Amino acid sequence: MIAGKSHGRVEKGGNEEEEEAERFKKALKDFMYISMEFVLWDAFPIPLFKWIDFQGHIKFMKRTFKDIDCVLQSWLDEHVKKRESVDFVEGNEEDFIDVMLSMMSNEDFVDGYSRETTIKATALDPTQPLITFLKSEQHRWVEESDIKDLVYFQAVVKETLRLYPPAPLLAPHESVEDCIVQGYHIPKGTRLWVNTMKLHRDLKIWSNPDTFDPERFLTSQAGVDVRGHHYEFIPFGSGRRSCPGITYATQVTDLAIAHLLQGFDFSTPSDEPLDMKEGLGMTMRKADPIEVFITPRLPSVLYKF
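Number 278 in the working numbering belongs to position 276 of the sequence shown; there are no gaps in the numbering.
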């Protein structure tokens, strides 16, 4: 959706595009790893610690970002070259990079950053995963075309997004004019935050809001979707400023989790209930890492990728 790229399984000894995909996937994994690592300078901002890389994290971080930047730059160059070709028709944008290029000229700067830097940074906006449950056929893997028929599975995904939205607070917005909301005067230029967690657990809207109950999306809230059409349930925001990756995020999430739950049995070390206490942060995460045993439960031939 961002760059018009789709990378799945990569064969060894593949072509240049497959090797690029493998390099980018590895760089993203490294990026997620280093983002969660403890760096001495963050806890103890002493000038000496800034220049001495005791843990090797700074070197690792620079190498990772260089790898990501190289791939993103190649994608950007590819799009620019396509737009400069004689066959390109203005208005036929195929993905988000095309759209941003059509809106920004070479001279455009956003908060001091060039057009290229802005577009590459936008392409790295992450999407958080979910945990759900699924049973399906045993002789083949669930496919994307199957998801629409898994009604209860979709209800479980929605209920998970209700209790644990990707971000407890949506991205900040700013009022463009004075207005009155529920009797409150909101001056122009006010920084506005939407408390998704509060909204999704509002007693005035949801019955037993702290209870995990997927059936609610099959009965009382059957018509509620994730795309922001219903303001009581906006895990990805709503309106023109909603997350541009809703479709991609839901497709990838549904298929990935369906495969996990179809292909493996999950259990805890002591068969104890999972501690689902939420942690703090810009994105929703557990307070403590989850510890589970994963056991394959399909014919072994299905695990040969």
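Virtual Cβ for every residue (Gly too), placed ideally from N, Cα, C. This one's a predicted model, so the numbers in the text were calculated from it and none came from an experiment.
Whether residue i touches residue j by CB criterion (8 Å)
i: threonine 198; j: isoleucine 236; result: yes
i: histidine 261; j: valine 82; result: no
i: threonine 252; j: valine 228; result: yes
i: phenylalanine 295; j: proline 271; result: yes
i: leucine 376; j: glutamate 146; result: Any property of residue 376 remains undetermined from this structure, which presents the chain solely from 3 to 307.
i: serine 209; j: lysine 190; result: no
i: aspartate 100; j: threonine 66; result: no
i: methionine 286; j: alanine 157; result: no
Cβ-Cβ separation, residue j to residue i (assumed contact under 8 Å), whole Å
i: leucine 300; j: glycine 265; result: 5 Å
i: histidine 175; j: leucine 201; result: Contact doesn't hold; Cβ gap of about 15 Å is too wide.
i: isoleucine 70; j: alanine 29; result: 5 Å
i: aspartate 290; j: aspartate 273; result: The pair is not a contact, with the Cβ atoms about 18 Å apart (cut-off 8 Å).
i: valine 196; j: leucine 172; result: 4 Å
i: glutamate 234; j: isoleucine 259; result: About 24 Å separates the two Cβ atoms, so there is no contact after all.
CA nearest to the CA of residue i, picked from the options
i: glutamate 20; options: Pro167, Lys68, Val73, Asp32; result: Val73
i: isoleucine 248; options: Lys160, Val82, Ala29, Ile70; result: Lys160
i: glycine 58; options: Ile36, Lys27, Trp77, Leu78; result: Ile36
i: tryptophan 77; options: Ala169, Thr119, Ile259; result: Thr119
i: glutamine 75; options: Ala173, Phe26, Ile54, Ile60; result: Phe26
i: glutamate 179; options: Thr192, Ala173, Thr213; result: Thr192
i: threonine 255; options: Asp89, Met34, Phe155, Ile60; result: Phe155
i: aspartate 267; options: Pro298, Pro246, Glu293; result: Pro298
i: lysine 363; options: Arg142, Ile60, Lys61, Glu80; result: Here the chain has residues from 3 to 307 only, and residue 363 is not among them.
i: serine 292; options: Leu304, Ser302, Ser269, Arg203; result: At residue 292 the sequence reads isoleucine, which differs from the serine that was named. Taking only the C-alpha atoms, the option nearest isoleucine 292 is Ser269.
i: methionine 63; options: Met34, Lys288, Arg203; result: Met34
i: glutamate 80; options: Leu103, Lys288, Ser222; result: Leu103
CB contact below 8 Å: residue i versus chain C
i: tyrosine 166; result: Looking for chain C here will not work: only one protein chain is present.
The beta strand (DSSP E) enclosing residue i, as first and last residue numbers
i: cysteine 181; result: 181 to 183
i: tyrosine 186; result: 186 to 188
i: isoleucine 236; result: Per DSSP, isoleucine 236 belongs to no beta strand (DSSP E) and is neither H nor E.
Residue range of the alpha helix (DSSP H) that includes residue i
i: isoleucine 296; result: Counting along the chain, isoleucine 296 falls outside any alpha helix (DSSP H), though it belongs to the beta strand (DSSP E) covering 295 to 298.
i: serine 269; result: Per DSSP, serine 269 belongs to no alpha helix (DSSP H); it is in the beta strand (DSSP E), 266 to 269.
i: isoleucine 149; result: Where isoleucine 149 is concerned, there is no enclosing alpha helix (DSSP H), given that its DSSP letter is neither H nor E.
i: lysine 83; result: 59 to 86
i: histidine 202; result: 198 to 202
Cβ contact check for the region 281 to 298 and the region 240 to 255: 3 or more pairs under 8 Å: no
Contact between the region 215 to 229 and the region 161 to 169 (3+ Cβ pairs under 8 Å): yes
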